[in-house]
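FYI, the numbering for the sequence shown is 6 to 281, going by the working numbering.
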Amino acid sequence: MEIRHTTNPTDVKQYDTERLRKEFLMENLYEKDELKLVYSHYDRMIVGGAWPVSKELLLDAGDGLRTEYFLERREIGFLNIGGPASITVDGEAYELDKLDVLYVGKGKREVKLASKDSSNPAKLYFCSALAHKELPTRKMTREEANPLNLGAQETSNERVLYKYIHADGIQSCQLMLGVTSLQTGSVWNTMPSHVHDRRMEAYLYFDMAEETRVFHMMGEPSQTRHLVVANEQAILSPPWSIHSGVGTSNYTFCWSMAGENYTFTDMDVVQASELK
């Protein structure tokens, strides 16, 4: 498990591209038949990827958490971005198609990840946060996530937002998770931008063509920076940072949050005219 420590905005002003990518970009979340984990000191979020092709993978952090099992003090949300998946939680199996989500609460001892078809393997993205109480395991399909149409062609941000884990959806302790998909011809997400100093956020960009890229915007509103992101790469977004992006084509991304506040709309909007 890789460890990422926190940074402060004063120091980040001095970072070059290489250092920005080292601190905030996760480039290689998917390797066949492996579980990849990144532990962030931002609100103790764990971000990871699993690509079970020819074998079943066990959710395990080794001795990284110093707990008896992964979810002893944690909750987790899984998003399937590949072929049909099977997730077994303490002996009960849940099948996930693409863009289905499974929430597993604190206290579940054994979680196994597998593909239904090795010729069309699943790819599972997951985010885990600390939890203070046990909540039931629950699956939600993309259709059940109550798609919300946002934006317009005129502003190049026509998109569909799917909220899965939140106060009015799958219940959790502090984790929130959803997916936003941009329509053909739209390239901007989260503009006007915002910050929410009470919680961190993680982004996974996916469903991108090999040659396309997203320019992910970050930094303080008065000191913006960018990271060039390829398909199935993820970003850690600090609480003090804006998080927005523009692509060379349309794309889809998963957003997840953890921290002090459990209100989806708790954000401080930063208009484009205020950015520097």
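Every residue, glycine too, gets a C-beta built ideally from N, C-alpha and C.
Spatially closest choice to residue i from the options, by CA coordinates
i	options	result
residue 95	76, 203, 105, 263	76
residue 107	133, 201, 198, 231	133
residue 74	201, 114, 18	114
residue 270	177, 239, 118, 168	168
residue 62	128, 8, 104	128
residue 138	149, 177, 170, 155	177
residue 244	23, 9, 48	48
residue 196	64, 165, 274	274
residue 204	173, 260, 227	260
residue 8	170, 209, 27	27
residue 135	109, 100, 153	109
residue 122	194, 208, 175, 102	102
Residue range of the unbroken alpha helix (DSSP H) whose run includes residue i
i	result
residue 27	22–29
residue 116	Unbroken run through residue 116 is the beta strand (DSSP E), 116–120; no alpha helix (DSSP H).
residue 17	14–17
Whole-number beta carbon distance between residue j and residue i, since they are thought to touch under 8 Å
i	j	result
residue 92	residue 116	7 Å
residue 212	residue 142	Between residue 142 and residue 212 the Cβ distance is about 26 Å, and since that is not below 8 Å, they are no contact.
residue 237	residue 35	6 Å
residue 192	residue 246	21 Å between Cβ atoms; not a contact.
residue 140	residue 80	7 Å
residue 164	residue 188	6 Å
residue 250	residue 221	5 Å
residue 144	residue 229	About 38 Å; that fails the 8 Å criterion.
residue 248	residue 223	6 Å
residue 38	residue 18	Going by Cβ atoms, the distance from residue 38 to residue 18 rounds to 41 Å, so no, they are not a contact pair.
Classification of residue i by the beta-carbon crowding that lies within 10 angstroms, buried from 16 upward
i	result
residue 206	buried
residue 52	buried
residue 90	buried
residue 225	buried
residue 263	buried
residue 124	exposed
residue 21	exposed
residue 160	exposed
residue 150	buried
residue 227	exposed
Residue range of the beta strand (DSSP E) that includes residue i
i	result
residue 185	181–187
residue 58	From DSSP, residue 58 is part of no beta strand (DSSP E); its letter is neither H nor E.
residue 273	273–275
residue 144	143–145
is_contact[residue i, chain D] using C-beta, thresh 8 Å
i	result
residue 175	Looking for chain D here will not work: only one protein chain is present.
Legend entry - Stretch-stretch touch, CB-based, cutoff 8 Å, three pairs: the segment 69–84 with the segment 172–182: Of all C-beta pairs linking the segment 69–84 to the segment 172–182, three or more are shorter than 8 Å, placing the two stretches in contact.
Legend entry - the segment 60–71 in contact with the segment 28–43 per 3-pair CB rule at 8 Å: Taking 8 Å as the limit for Cβ pairs, the verdict is that the segment 28–43 does touch the segment 60–71.
Legend entry - Three CB pairs or more closer than 8 Å across the segment 227–236 and the segment 21–35: Inter-segment contact for the segment 227–236 and the segment 21–35 is present: three or more beta-carbon pairs are separated by less than 8 Å.
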